[in-house]
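FYI, in our numbering the residues of the sequence shown are 3 to 318.
To start, the structure itself, in structure tokens.
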Amino acid sequence: GFINVTNQPLGVSPITLVVPAGAAPAVYTANLTIRNSTTTCSSASIPFTITVQASPTITMGAFPSVCQGTTTANLTYTATTQTPTEYSLDFDAVAEVQLFADVTNAALPVSPIGVTVPAGAAPGVYNATLRVRNAGICVSVSTPVTITVNASPVITPGANPSVCAGVTTANLTYTSSGSPDRYTLNFDGAAEAQGFADVNNVALPASPIVITVPAGAVGGTYNATLQVQNTTTGCISTIQNITVTIVQPTITLGAFPSVCEGTTSALLPYTATTGSPDQFSIVYGAAALASGFINVTNQPLGVSPITLVVPAGAAP
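Encoded structure:
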């Protein structure tokens with residue numbers, strides 16, 4: 003496809019030669035002559051060559067997918083030709099709005115090429131074109147590439163559960179986004195000492211999450227951290243702190259009452275409570291019941307002392 007040139011004006015150096023766009027890589031020979039158009043005298047032929055070098059190529063691997071907040075993505079490639087030494091990345095306008103930055107003629111590393119992902123980039127698929135060049139001369143054709151930023155799952159716990167001592171389950175309600183399907187609960191040392199057990203990467207049920215509460219755990223507030231994962235994208239949520247409270251009210255009794263026969267009431271003092279109790283119950287033994295004492299169930303707990311009813315006919 004090269005075309006001979008005859009008696010063209012000779013300007014200042016260099017002479018611009020037309021190279022056919024489809025010329026195959028090779029060394030092409032030619033002869034140059036010059037002449038003085040006034041005298042029509044020509045020079046001897048001067049041989050020269052034009053070398054058409056093959057453009058470098060790059061074969062891309064799988065395009066990267068990262069979780070939101072991740073700041074690097076690895077762009078793998080599996081092969082090159084013509085020994086490229088530099089690469090350029092040109093992001094489109096949508097990606098640049100999210101602060102992806104173009105890369106121009108940077109040194110080509112061995113696979114993978116590390117791409118900077120803006121920490122605040124919204125979830126989405128971002129497009130760019132990649133080119134490589136060798137020795138600063140030949141440039142490859144543009145290869146389209148994509149970088150996918152996946153949404154990280156989010157879980158928002160509801161109210162921290164509170165259960166009575168002896169209850170063996172507690173319900174933790176939640177709302178979520180980002181399609182989490184697994185969860186992990188990690189209890190602290192104090193909770194584990196009471197028998198609470200960690201839960202590692204198990205299927206996330208619909209709200210609520212049912213937490214196993216050790217039957218023998220004493221009253222108190224126990225701490226844990228909650229994380230969820232989307233196993234399709236591999237993205238993990240930030241840590242959420244939760245608590246499980248076991249309520250076990252206590253009362254500290256004072257001196258037990260002693261009254262004279264025929265007295266119909268006795269005062270049972272107490273000095274302290276925990277867990278904010280507001281009711282009391284009394285279950286009498288068989289001998290007391292036989293003497294006319296009557297059990298008391300869930301009566302209002304006032305200030306100390308508790309007034310007990312003593313049957314008038316109760317024997318000493």
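Glycine included, each C-beta is placed from N, C-alpha and C at the ideal position.
Cβ distance (whole Å) where residue i is taken to contact residue j below 8 Å
{"i": "N202", "j": "T186", "result": "5 Å"}
{"i": "A26", "j": "F50", "result": "Not confirmed; about 19 Å, so no contact."}
{"i": "Q231", "j": "P155", "result": "7 Å"}
{"i": "R184", "j": "T233", "result": "6 Å"}
{"i": "G277", "j": "T252", "result": "7 Å"}
{"i": "P279", "j": "L310", "result": "No, P279 and L310 are not in contact; Cβ-Cβ is about 17 Å, not under 8 Å."}
Residues near residue i by beta carbon distance below 8 Å, same chain, minus five either side
{"i": "Y128", "result": "F93, D94, V96, A97, Q100, F102, T148, I149, T150, V151"}
{"i": "C140", "result": "Q55, A56, S57, P58, Q84"}
{"i": "V68", "result": "T74, A75, V119, I149, T150, V151, N152"}
{"i": "N225", "result": "F189, D190, A192, A193, N243, I244, T245"}
{"i": "V261", "result": "S267, A268, V312"}
{"i": "V249", "result": "S164, V165, C166, A167, G221, G277"}
{"i": "Q301", "result": "Q281, F282, S283"}
Extent of the continuous beta strand (DSSP E) run through residue i
{"i": "L132", "result": "126-136"}
{"i": "V96", "result": "Per DSSP, V96 belongs to no beta strand (DSSP E); it is in the alpha helix (DSSP H), 95-99."}
{"i": "N9", "result": "Careful: N9 lies outside any beta strand (DSSP E) and carries neither H nor E."}
{"i": "A108", "result": "105-109"}
{"i": "L255", "result": "252-255"}
{"i": "A75", "result": "74-77"}
{"i": "T247", "result": "242-249"}
{"i": "I17", "result": "I17 -> no beta strand (DSSP E), and no H or E assigned at all."}
{"i": "T309", "result": "308-311"}
Same chain, Cβ closer than 6 Å to residue i, neighbours up to 5 away in sequence not counted
{"i": "L132", "result": "L91, T145, V147"}
{"i": "P271", "result": "G256, S306, P307"}
{"i": "S45", "result": "T35, I36"}
Cβ shell of residue i (< 7 Å), same chain only, five flanking positions each side left out
{"i": "P22", "result": "G3, F4"}
{"i": "G197", "result": "P216, G218, A219"}
{"i": "T53", "result": "V29"}
{"i": "A325", "result": "Residue 325 is absent from the structure shown; the chain starts at 3 and stops at 318."}
DSSP three-state assignment for residue i, whether helix, strand or coil
{"i": "G116", "result": "strand"}
{"i": "G218", "result": "coil"}
{"i": "D92", "result": "strand"}
{"i": "T85", "result": "coil"}
{"i": "A226", "result": "strand"}
{"i": "T80", "result": "strand"}
{"i": "V212", "result": "strand"}
Minimum Cβ-Cβ distance from residue i to chain D less than 8 Å
{"i": "Q242", "result": "No chain D appears in the structure shown, which is made up of a single protein chain."}
Handout entry: Any alpha helix (DSSP H) of 4 or more consecutive residues that is wholly inside the region 139-209
Key = 191-195
Practice task
Kindly provide the ranges of any beta strand (DSSP E) runs that are 3 or more residues long and lie completely inside the region 24-71, ordered along the chain.
Solution key: 28-34, 48-54, 59-62, 67-69
Practice task
May I have a chain-ordered list of the alpha helix (DSSP H) segments no shorter than 4 residues that lie completely inside the region 263-304?
Solution key: 288-292
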